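Everything below concerns the one structure shown next.
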Amino acid sequence: MYGPPWIWRWGRRGPGRPRKPRIIWFRIQGNIVFVPYVNGQMLSEREPIEILPDKLEALRLVYIDGLTQDEAAKRMGISRGTLW
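In structure tokens, the structure reads:
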């Protein structure tokens, strides 16, 4: 799961400033989704929420690895405001 870092960026391109790539330190297979549950029951009226690799990396660095937002942003190569 862990290995050398890879660079992830949005696939969209259009007018305006180009998006800055994010450095991701883990690889996942497939899509990660969040499905809301209440009292053990899935909320059928709500759509599952897809979690993109950069958001998942930010959550992992802050909540699992215990880094501050500043440290996590530096590791991903982005600003703290972009991280959160």
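Following my numbering from start to finish, the sequence shown increments by one per residue and tops out at 334.
By construction, the Cβ of each residue, glycine as well, lies at the ideal position given by its N, Cα and C atoms.
What you are looking at is a predicted structure, and each value in this text was computed from that prediction instead of being measured.
- Cβ neighbours of residue 326 within its own chain (closer than 8 Å, five residues either side excluded): 272, 273, 274, 304, 307, 308, 311 and 333.
- DSSP, read as helix, strand or coil, puts residue 297 in coil.
- Distances from the CA of residue 299 to each of 329, 283, 289 and 331 were compared; the closest alpha carbon is that of 283.
- Cα atoms of residue 280 and residue 266: separation of roughly 30 Å, rounded to the nearest angstrom.
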